[in-house]
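J.: My questions all concern the structure below.
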Amino acid sequence: MIGSRETEGVLEPTTLALRDVFQTKNEVIMMPGSGRTALEAGALSVIEPRDRVLVVGAGQFGVLMREIMNRIDADWTEFPVEWGARLDLTRLEREAERIRPKALTLVHNETSTGTTYPAAEVAKIARAVGALFLLDTVSSIAGIDVRTDEWGVDLNMTGSQKCLAAPLGMALVAVSPRAWEVMERRSKPARSFAYDLLRWKEWWVPVSRGGKVPDGAPRRQPVSMPTHLTAAMNVAVRLILEEGLAHRFRRHEVAATALRRGLAAMGIEMFPDPSIVSNTVSCLRVPRSIEPAAVVAQMRDRYGILIGTGLDKMRTTTLRIGTMGLTASPQYVLPTLSALELALRDLGYKCEPGAGVAAAQAAFADAG
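Position 103 (the sequence shown) corresponds to 119 in my numbering; numbering is contiguous.
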């Protein structure tokens, strides 16, 4: 638990630099784990048993937040959204006004359906009813514009391995002053030692940044920090900031657009409403009579390209292709489309040879 000076020498500059990636002046807490660790740490730190929570359920990871709330014994209500469909903000606003929840949760970028939801508008709804806004940015941060402070995100929760392009193994939570205040007012401590964000504030964050540790005094973390993963995160953040957020967001947008144009040229339909398609993961409908798992296996075993099937109830009807971090580039998109075309042809689906790659190449060229 006791942090060495060497660990602090890597962790401190990394968390400070992450504030630029999160577009926040707030503290960013980094701990061992994954995106789910961040979600659970954020939720259990501010939610107490019987607290009312409104959970936007628009896909598999909305369901995950519901399960986390179950474990905390929260009095949660789901706002169901048809998978792949637009979020009805007017209905959500009415439901928030009716429930008056302590917190409203949203998955910004739902990888199960390949959709991105309007976090800025949902944040306004949360703020209007005095609710904390908890935002899952596991597959959006550093790939899609996420304006933590401007939108009023109280807990911005993510993991290291997707658009941040660092190795799996770190959980990150940006915490607003409002969220810290809620933690300070808890009737009982959070039901976790390692995941209690308030403990991190008390042990790690210096007084000059709103924490409890006197400036210059020894600091520690509630868990042993994996120095190698912290160092890797430091490099990943440096690369992101060297590229520039605007350029990085544009690169992901161009790559996703090229992929979608390639799929359309092959006669393949996207699953979600076209107005909310994600720039970091594309969810596509598999042609009839073809099993998604067979496509995944063929691409992996014969052509050396790895994609995924859909999740849960969409496992047998959809495929998912990521454009995150390094993979948001022609070097990954074009071979993936080529392998997909070949795998589909192997399984009996016919399309014009090379049409997908040609359309994607044109999209990349058009984007400059």
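Using N, Cα and C, we set each Cβ at its ideal position, and we do this for glycine too.
State whether the region 280–298 contacts the region 365–379, with contact taken as three or more CB pairs (one from each stretch) at a distance under 8 Å.
T.: These segments touch.
J.: How many angstroms separate the CA atom of glutamate 28 from the CA atom of glycine 370?
T.: Approximately 49 Å, taken between the alpha carbons.
J.: Have a look at the DSSP bridge pairing and note the partners of threonine 93.
T.: Partner(s): Leu70.
J.: Going by DSSP in three states, isoleucine 145 sits in which element: helix, strand or coil?
T.: Residue 145 is actually valine in this sequence, not isoleucine. Here valine 145 sits in coil by DSSP.
J.: Check whether the region 166–179 touches the region 187–199, taking contact to mean three or more Cβ pairs, one atom from each stretch, closer than 8 Å.
T.: Taking 8 Å as the limit for Cβ pairs, the verdict is that the region 187–199 does touch the region 166–179.
J.: Please name the residue in Leu151, Thr127, Glu126 and Thr129 whose C-alpha comes closest to that of valine 138.
T.: The candidate whose alpha carbon is nearest that of valine 138 is Leu151.
J.: Let me know the beta strand (DSSP E) ranges lying completely inside the region 277–335, each 3 residues or longer, listed in chain order.
T.: Fully enclosed beta strand (DSSP E) runs of 3 or longer: 297–301.
J.: Measuring alpha carbon to alpha carbon, tell me which of Ala59, Arg304 and Val293 ends up nearest tyrosine 211.
T.: For tyrosine 211, the nearest C-alpha among the options comes from Ala59.
J.: Assuming threonine 246 and valine 26 form a contact by the criterion Cβ under 8 Å, report the distance between their Cβ atoms to the nearest whole angstrom.
T.: At roughly 5 Å, the Cβ-Cβ gap stays under 8 Å, so threonine 246 and valine 26 are in contact.
J.: Please list, in chain order, all residues of the same chain as alanine 375 whose beta carbon is under 6 Å from its beta carbon, the five residues on each side excluded.
T.: Arg277, Gly278 and Ala281.
J.: Rounded to the nearest angstrom, what separates alanine 11 and proline 117 at their Cα positions?
T.: There is no way to answer for residue 11, as the model of the chain reaches only from 17 to 384.
J.: Classify glycine 51: buried if its beta carbon has 16 or more other beta carbons within 10 angstroms, exposed otherwise.
T.: Classification for glycine 51: buried.
J.: Considering only the alpha carbon of each residue, which of Leu350, Val37 and Gly73 lies closest to glycine 372?
T.: Selected option, being the one with the closest Cα: Leu350.
J.: Taking only the alpha-carbon atoms, compute the straight-line gap between arginine 207 and glycine 326 and give it to the nearest angstrom.
T.: Between arginine 207 and glycine 326, the C-alpha separation is close to 34 Å.
J.: First and last residue of the beta strand (DSSP E) that includes glutamate 22?
T.: Note, glutamate 22: premise wrong, no beta strand (DSSP E); alpha helix (DSSP H) at 21–38.
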